[in-house]
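Written out below as C-alpha coordinates is the structure these notes cover.
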Amino acid sequence: MGLRTIINGVGTELDILVVHKSQSVPFYLKEKSQSVQPNQIYVRKSAKNTSINKQAEIQDIEKLWEFRFGLIPYPKERVFNCIKDTDSWIKMKSSYEGMSWYYEKFPEYTIEFYDDPENEDLRIPTFALMHTNARSSCIF
(Lines of atoms letter the chains of each structure in order from A and count residues from 1; the text may use other names and numbers.)
(Lines give C-alpha, C1' and ligand atoms only; values in the text may rest on other atoms or scores of the structure.)
Protein backbone atom coordinates (compact mmCIF):
# COMPACT_ATOMS: atom_id res chain seq x y z
CA MET A 1 0.00 0.00 0.00
CA GLY A 2 1.29 3.45 -0.78
CA LEU A 3 0.27 7.04 -1.28
CA ARG A 4 0.98 8.71 -4.61
CA THR A 5 0.29 12.32 -5.56
CA ILE A 6 -0.54 13.11 -9.18
CA ILE A 7 -1.52 16.29 -10.99
CA ASN A 8 -4.60 16.01 -13.18
CA GLY A 9 -5.15 17.78 -16.52
CA VAL A 10 -6.27 21.06 -14.90
CA GLY A 11 -3.33 21.30 -12.48
CA THR A 12 -5.10 20.00 -9.36
CA GLU A 13 -3.14 17.68 -7.08
CA LEU A 14 -4.79 14.35 -6.28
CA ASP A 15 -3.63 11.98 -3.54
CA ILE A 16 -4.02 8.39 -4.71
CA LEU A 17 -3.94 5.54 -2.21
CA VAL A 18 -2.59 2.51 -4.07
CA VAL A 19 -3.78 -0.78 -2.55
CA HIS A 20 -2.20 -3.98 -3.85
CA LYS A 21 -3.99 -7.32 -3.75
CA SER A 22 -3.66 -8.80 -0.28
CA GLN A 23 -5.17 -11.50 1.92
CA SER A 24 -5.56 -8.85 4.65
CA VAL A 25 -8.75 -7.25 3.31
CA PRO A 26 -10.88 -5.30 3.98
CA PHE A 27 -8.80 -2.14 4.49
CA TYR A 28 -10.19 0.91 6.24
CA LEU A 29 -8.94 4.13 7.81
CA LYS A 30 -8.93 4.51 11.59
CA GLU A 31 -9.16 8.31 11.45
CA LYS A 32 -11.02 10.77 9.25
CA SER A 33 -8.95 12.02 6.33
CA GLN A 34 -10.47 15.03 4.58
CA SER A 35 -13.78 13.70 3.17
CA VAL A 36 -12.99 10.00 3.74
CA GLN A 37 -14.77 8.73 6.84
CA PRO A 38 -13.11 6.45 9.41
CA ASN A 39 -14.08 2.78 9.70
CA GLN A 40 -15.82 2.78 6.31
CA ILE A 41 -15.15 0.05 3.77
CA TYR A 42 -14.96 1.15 0.16
CA VAL A 43 -14.68 -1.14 -2.86
CA ARG A 44 -13.98 -0.81 -6.55
CA LYS A 45 -16.13 -2.95 -8.83
CA SER A 46 -15.17 -2.89 -12.49
CA ALA A 47 -14.64 0.81 -13.23
CA LYS A 48 -16.79 2.13 -10.39
CA ASN A 49 -15.81 3.08 -6.82
CA THR A 50 -18.02 3.25 -3.75
CA SER A 51 -19.28 6.82 -3.31
CA ILE A 52 -17.20 8.79 -0.82
CA ASN A 53 -20.29 9.47 1.35
CA LYS A 54 -21.39 5.81 1.45
CA GLN A 55 -20.06 2.42 2.45
CA ALA A 56 -19.74 -0.65 0.23
CA GLU A 57 -22.75 -2.95 -0.13
CA ILE A 58 -22.95 -5.65 2.56
CA GLN A 59 -22.52 -8.51 0.05
CA ASP A 60 -19.26 -6.93 -1.17
CA ILE A 61 -18.00 -6.55 2.41
CA GLU A 62 -18.91 -10.19 3.13
CA LYS A 63 -16.91 -11.31 0.08
CA LEU A 64 -13.86 -9.44 1.38
CA TRP A 65 -14.10 -11.14 4.78
CA GLU A 66 -14.60 -14.55 3.14
CA PHE A 67 -11.45 -13.93 1.10
CA ARG A 68 -9.52 -12.89 4.23
CA PHE A 69 -10.51 -16.03 6.16
CA GLY A 70 -9.63 -18.32 3.27
CA LEU A 71 -13.21 -19.28 2.43
CA ILE A 72 -12.64 -18.09 -1.14
CA PRO A 73 -11.54 -19.79 -3.35
CA TYR A 74 -14.01 -22.56 -2.86
CA PRO A 75 -12.92 -25.92 -1.39
CA LYS A 76 -11.91 -27.62 -4.62
CA GLU A 77 -9.53 -24.79 -5.57
CA ARG A 78 -8.53 -24.11 -1.95
CA VAL A 79 -6.98 -27.54 -1.49
CA PHE A 80 -4.12 -26.65 -3.85
CA ASN A 81 -3.26 -23.60 -1.72
CA CYS A 82 -3.39 -25.74 1.41
CA ILE A 83 -1.00 -28.32 0.01
CA LYS A 84 1.56 -25.59 -0.74
CA ASP A 85 1.38 -24.38 2.89
CA THR A 86 3.58 -27.18 4.25
CA ASP A 87 4.16 -25.54 7.66
CA SER A 88 0.45 -25.85 8.56
CA TRP A 89 0.21 -29.63 8.17
CA ILE A 90 0.17 -31.42 11.54
CA LYS A 91 1.12 -35.08 11.81
CA MET A 92 -1.53 -37.23 13.48
CA LYS A 93 -2.04 -40.85 14.41
CA SER A 94 -3.04 -42.92 11.43
CA SER A 95 -5.76 -45.53 11.64
CA TYR A 96 -3.72 -47.70 9.29
CA GLU A 97 -0.10 -48.61 9.02
CA GLY A 98 1.07 -45.43 7.40
CA MET A 99 1.28 -41.70 8.00
CA SER A 100 -1.42 -39.04 8.25
CA TRP A 101 -1.59 -35.26 8.51
CA TYR A 102 -4.38 -32.74 8.92
CA TYR A 103 -4.34 -29.13 7.80
CA GLU A 104 -4.31 -26.93 10.90
CA LYS A 105 -6.40 -24.10 9.39
CA PHE A 106 -9.03 -26.41 7.86
CA PRO A 107 -8.87 -29.78 9.68
CA GLU A 108 -11.33 -31.35 7.25
CA TYR A 109 -8.38 -31.61 4.84
CA THR A 110 -6.22 -34.62 5.55
CA ILE A 111 -3.42 -36.44 3.77
CA GLU A 112 -2.90 -40.12 4.40
CA PHE A 113 -0.14 -42.40 3.17
CA TYR A 114 -1.15 -46.01 3.57
CA ASP A 115 1.40 -48.76 3.90
CA ASP A 116 -0.22 -52.14 3.44
CA PRO A 117 2.37 -54.86 2.80
CA GLU A 118 -0.32 -57.16 1.39
CA ASN A 119 -1.75 -54.65 -1.10
CA GLU A 120 0.69 -53.11 -3.58
CA ASP A 121 -1.81 -50.34 -4.45
CA LEU A 122 -1.71 -49.04 -0.86
CA ARG A 123 2.07 -48.94 -0.48
CA ILE A 124 4.01 -45.70 -0.10
CA PRO A 125 6.30 -45.41 -3.12
CA THR A 126 9.90 -45.64 -1.93
CA PHE A 127 10.98 -42.76 -4.17
CA ALA A 128 8.48 -40.44 -2.41
CA LEU A 129 10.26 -40.99 0.89
CA MET A 130 13.77 -40.50 -0.51
CA HIS A 131 13.41 -37.73 -3.12
CA THR A 132 11.29 -34.69 -2.47
CA ASN A 133 10.10 -32.59 -5.38
CA ALA A 134 6.97 -30.80 -6.51
CA ARG A 135 5.37 -33.95 -7.92
CA SER A 136 5.96 -36.36 -5.05
CA SER A 137 7.09 -35.53 -1.57
CA CYS A 138 6.45 -36.56 1.97
CA ILE A 139 6.21 -34.15 4.92
CA PHE A 140 7.84 -35.29 8.18
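Residue 50 in my numbering is what sits at position 57 of the sequence shown, and the numbering runs on without skipping anything.
Idealized CB from N, CA, C, for every residue including glycine.
Since we're looking at a predicted model, the values are computed, not measured.
Query raised in the report: With isoleucine 76 and glutamate 97 assumed to form a contact (beta carbons below 8 Å), what rounded beta-carbon distance in angstroms separates them?
Result: Their Cβ separation, rounded to whole angstroms, is 13 Å, which puts isoleucine 76 and glutamate 97 out of contact at 8 Å.
Query raised in the report: Nearest-angstrom Cα distance between histidine 13 and methionine -6?
Result: 6 Å
Query raised in the report: Under three-state DSSP, which class holds aspartate 8?
Result: strand
Report task. Report yes or no: do three or more beta-carbon pairs, one from the region 97 to 110 and one from the region 52 to 59, lie closer than 8 Å? Result -> no
Query raised in the report: Which two residues bound the contiguous alpha helix (DSSP H) that contains phenylalanine 106?
Result: No alpha helix (DSSP H) holds phenylalanine 106; the beta strand (DSSP E) holding it covers 103 to 107.
Requested in this report: Have a look at asparagine 1 and glutamate 50 and give me their C-alpha separation to the nearest angstrom.
Outcome: 29 Å
Query raised in the report: Mapping DSSP to helix, strand and coil, what is asparagine 74?
Result: helix
Query - Residues of its chain near isoleucine 65, where Cβ-Cβ distance is below 6 Å and the 5 sequence neighbours each way are ignored - result: Glu59
Query raised in the report: Around the Cβ of phenylalanine 73, are there at least 16 other Cβ atoms within 10 angstroms (buried) or fewer (exposed)?
Result: exposed
Query raised in the report: Going straight from the alpha carbon of leucine 7 to that of glutamine 48, what length do you get?
Result: 21 Å
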